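Protein sequence lines correspond, in order, to chains A and B. Going by the numbering used here, the first sequence opens with residue 279, and the numbers climb by one from there. Going by the numbering used here, the second sequence opens with residue 37, and the numbers climb by one from there. Note that CB positions come from ideal geometry on N, CA and C, so glycine has one too. Source: prediction; values computed, not measured. Take a look at the structure below.
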Amino acid sequence: MELKLFVNDRQKVFTIDPGEHLLDVLRREGYNSVKEGCREGTCGACVVLLDGRPVNSCLVPAARCQGRNVTTAEGLGDPDHLHPLQEAFIESGAVQCGYCTPGMLLSSKALLDDNPDPTDGEIRQALDGNLCRCTGYVKILEAVKKAAEKMRENRK
Amino acid sequence: MTPVAKSKPSLQVVGKSRKKVDGPALVTGRGQFTADLELRDLLHAKILSSPHAHARIRDIDSSQAMKLPGVHAVLTWKDLPRKAHTTAGQGAPEPSPYDSFLLDNKVRYVGDRVAVVAAESPDLALKALSLIEVDYEVLPPLFDPGEAMKPGAPVIHDEKEAHAVIPVPYDPNRNLAARASLLVGNVEKGLREADFIFDNIYETQYAAHTSIEPHVALSFLDEHDRLVIRTSTQVPFHVRRIVARILDIPVSRVRVIKPRIGGGFGGKQEVFLEGLCAALTLKTRRPVQIFFTREEEFVSSRTRHPQIIRLRSGVRKNGDITSLDLRVLMNTGAYGSHALTVLCNTGSKTLPLYHCPNVSFNGDTVYTNLPVGGAYRGYGATQGYVATGIQMDEMACAIGMDPVEFYRRNHIRAGETSPVFQALGEGKEGVEMIIGSCGLDECLDRGARAIGWKKKRGRPGKGPVKRGLGMVCLMQGSSIPEIDMGAASIKLNEDGSFNLLVGATDLGTGSDTVLGQIAAEVLAVPLDKIIVYSSDTDMTPFDVGAYASSTTYLSGMAVKKAAEKVKDQILEAAASLLGVSKEKLRLEKGHAVSGRRKASISRIAHYTLYEADQFQVMANASHISHKSPPPFSAHFAEVLVDTLTGKVQVSQYIAAVDCGTAVNPALAEGQTEGAVLNGISYALTEEYIFDSRGRMLNPNFNHYKIFCTRDLPDIKTILVPTHEPTGPYGAKSVSEISINGPIPAISNAICDAVGIRLRRTPFTPDRVLQALENKAL
């Protein structure tokens, strides 16, 4: 079947099997930032934003995304124009292996889009579906705080 | 009169928290991991795994599976060379026994591999697996390591090929996978001299690495018919050697590439997918990928070896430790991967920490029909510190001494040695070593202050939730002395940039960045002038790989040596270019400088490539170490124990770490924080639950709980700088040590809170409640 959707603000048309999951479609179409970690919706490596909300793309039937907006890490920024979250993750040392990073960034973006000045507890809650085994999360939480601050300043 | 020492030139790049060189690629999703390569005609492989813990395969019929359209190959034990090997990615000859085959006619645990299929899609491959008919002769299983060596126990490796390749105790007929021992002094005499004697059993559980990227390998034939293996590995050069040997092809036909890796923690120091993947490529002549599921990660990859440890010790009232007698029974599961060396490290990375004249270590590693042990961050030391770290607290409490003071009295110091270093190495005798740097006293001071030790220890408070403080001291090593080797090469480009090629393997640790910083420091250029490329067996020089806490210390020294040679060549060329003597020149801020005369490195590069007596400025260097300088650390935990529910919450955790010079402090902190949280999670929640037939019941993140952001305690890292004379710019290792702390620190804190000693991990609410009930009786 034909799937029309907007990926990172660009209209795309993909041919898919009706049973396919969004994770597999996106990876096949070259959005390699979307990572497979468990296929059970438990690790968050495949998180993308669907109409601005974080979802585990390994659990989302692609056919249910008809006409909707998908954001992946590729859509956040490129090396010359990094999103403040991407910048903060690099600066804070929040990236080690980087496998969980795209999902972490997108869950963080969804949070900050909703809540520009989150408390520590709100950040922890927003990221609790994204597992990371490298960092112990300390620097990831720091990075989100730092990015939030910067984004608030940019808005002023 | 001693001459006044010239002040040391300050470091420009080393010791600074530079951004990771692969950071931009990783945050934009452009980082290329193994499975991110697009290949035409890629086949997907799936492995049929055993439902039985112990069985012989009488017959196996794959004809129906082969008939399925889109299935290109089905391999069983009948189709592959029968080469005994170890999957442990270690130097050759490996200290682990050769007891594994690509596929075998016997299965030895639930999850063991039976057959492998390559098909057009993963779903098709799964369908093909269901069509393979296997006739099993089910054998009695062995699950209890305590029963393994008793007469009449099932023999797991009864095949004639199983053998050890180095002269070490190995007796598969008794399920003995490894044995190690050491004796210094006389432990019985030591016990007689003690005022207090302790004798307790400590038990640690199975645990999974859970790198978020599962194991994945991809292989294809290039235009010259050479086999290219792209794999999520910590040991690319060992992969090349092992795969070539077991597939009976020359090393020269194999190229192994390690792209970005999604975490390893020791789990990817194992070579168990690449051989199968490559065999399928050779059979089909198509690119093949094997990508493990999360369940396969838990069950069929590798785990932390569980141990049962008996520690007897003696202490005098004044705090002198008179005797340490450590006995270990280690369960390696169905195969003996790292069976000897993890066992050795349980003694060799713990016992030298303590001043004690009488020390004994005796360990056996046994086979069982359970999942396979392997390298896991901490590598046996983690298990060892469960015993020693808790018993030190028991000793201090018994003689009424503050544990901090007890450690201060008893820990090894710079300038001292321990007879254990020489007596016990990794699979063989160790190497004598004098400690060159030790910042443990400062770690103790600063850690105790940060957590409020004096103020809060011994004050559990009122109400059902009690607060407790506990601490522990730790050491690890930096590389395997006289065994590990790392090499690097550096070449100068005409714009003054450098290609740094290293065999060393960045698995997310940041070693590409750290090694780049070391090169940049020597060459007096910013880090962005160093183009780092690592771990490609065709392109980069050799390195044993990322294990044994070796990369910064060992490969870093190779980089430093190569950079110094390159620097020498640059100065030589600059001397000719500027017409001044080389001895008067130095490198400074991207220039060769002598007084007022100077030339930029890019100018010199242009000169060497295009102008006069042209040559390529380029050098390589290798490094081995004659010692394994320990990093040291003091960990402090504050816990809240709910006496009504048994729940233990870590509220604060301080890790004060002496890793020598932290080449990149932010990355060193990151290593510490990651290791600490992994350790806390291991201490409190992580465990394998097996049914009576040896099947793991919780192979997923819903039921095998690793900590997430909401569980995170307040973790603080304190880096305590020392200068290790044998390391690059004074650096030692940092990656492993901090996973060893949480279990003993938390157990000791629980004791401070509620007066119970937990000696069996993990410290789940039911165990805490049980211990509280027992105490009340």
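At a C-beta separation below 7 Å, residue 247(B) has these neighbours in chain A: 411.
Cβ-Cβ separation between residue 70(B) and residue 317(A): approximately 17 Å, too far for a contact (criterion under 8 Å). By the Cβ neighbour-count rule, residue 242(B) is buried, with 16 or more other Cβ atoms within 10 Å of its own. Spatial neighbours of residue 357(B) in its own chain (CB-CB distance under 8 Å, excluding positions within 5 residues in sequence) are listed in chain order as 349, 350, 351, 390, 391, 392, 431 and 446. Along the segment 301–312 of chain A, going in chain order, the ones with a CB nearer than 7 Å to a CB of chain B are 310 and 311. Looking from the CA of residue 789(B), the closest CA among 546(B), 694(B), 498(B) and 137(B) belongs to 498(B). Contacts with chain B at 8 Å (Cβ-Cβ) include residue 378(A). The beta carbon of residue 100(B) sits closer than 6 Å to the beta carbons of 167 from its chain, once the five residues preceding and following it are set aside; these are given in chain order.
In this structure, the beta-carbon distance from residue 664(B) to residue 514(B) falls below 8 Å. The beta carbon of residue 175(B) sits closer than 7 Å to the beta carbons of 90, 91, 92 and 190 from its chain, once the five residues preceding and following it are set aside; these are given in chain order. Shown here, residue 409(A) sits in coil according to DSSP, grouped into three states, outside any helix or strand.
As the crow flies, the alpha-carbon of residue 277(B) is around 15 Å from that of residue 315(B).
Residue-level contact by beta carbon fails for residue 420(A) and chain B, as no gap is shorter than 8 Å. DSSP, reduced to helix, strand and coil, places residue 182(B) within a helical segment of the structure shown. With a contact defined as Cβ atoms closer than 8 Å, residue 286(A) and residue 352(A) qualify at about 6 Å. For residue 339(A), the nearest beta carbon of chain B is not closer than 8 Å to its own beta carbon. It is roughly 47 Å from the alpha-carbon of residue 353(B) to the alpha-carbon of residue 129(B).
Counting only runs of at least 3 residues, the segment 271–307 of chain B fully encloses the following beta strand (DSSP E) elements, listed from N- to C-terminal order: 290–293. For residue 350(A), the nearest CB of chain B lies under 8 Å from its own CB, placing it at the interface with that chain.
With contacts defined as CB atoms closer than 8 Å, residue 691(B) and residue 712(B) qualify as a contacting pair.
Those residues of the segment 292–310 of chain B placed with their C-beta closer than 9 Å to a C-beta in chain A are 296, 297, 298, 299, 300 and 301, ordered along the chain. Residue pairing of residue 511(B) in beta bridges, as defined by DSSP: 668(B).
Taking all protein chains shown into account, residue 393(A) has fewer than 16 neighbouring C-beta atoms within 10 Å of its C-beta and is therefore exposed. As DSSP reads the structure, residue 324(B) sits in a beta bridge with 79(B) and 255(B). Secondary structure note for residue 480(B): it is in no beta strand (DSSP E), and the uninterrupted alpha helix (DSSP H) holding it is 476–487. The beta-carbon of residue 166(B) is placed no less than 8 Å from the nearest beta-carbon of chain A. Residue environment for residue 432(A): exposed (fewer than 16 other C-beta atoms within 10 angstroms of its C-beta). Residue 350(A) and residue 110(B) have their C-alpha atoms some 37 Å from each other. For residue 594(B), the enclosing alpha helix (DSSP H) starts and ends at 592–614. By alpha-carbon distance to residue 456(B), the top candidate from 403(B), 395(B), 475(B) and 439(B) is 395(B). In the DSSP assignment, residue 430(A) forms no beta bridge with any residue. According to DSSP, residue pairing for residue 527(B) in a beta bridge involves 535(B) and 654(B). In this chain, the alpha helix (DSSP H) harbouring residue 366(A) covers 362–370. Interface annotation for the segment 673–703 of chain B against chain A: 702 and 703, criterion Cβ-Cβ distance under 7 Å.
As the crow flies, the alpha-carbon of residue 739(B) is around 18 Å from that of residue 250(B).
Under DSSP, residue 332(A) shares a beta bridge with 327(A).
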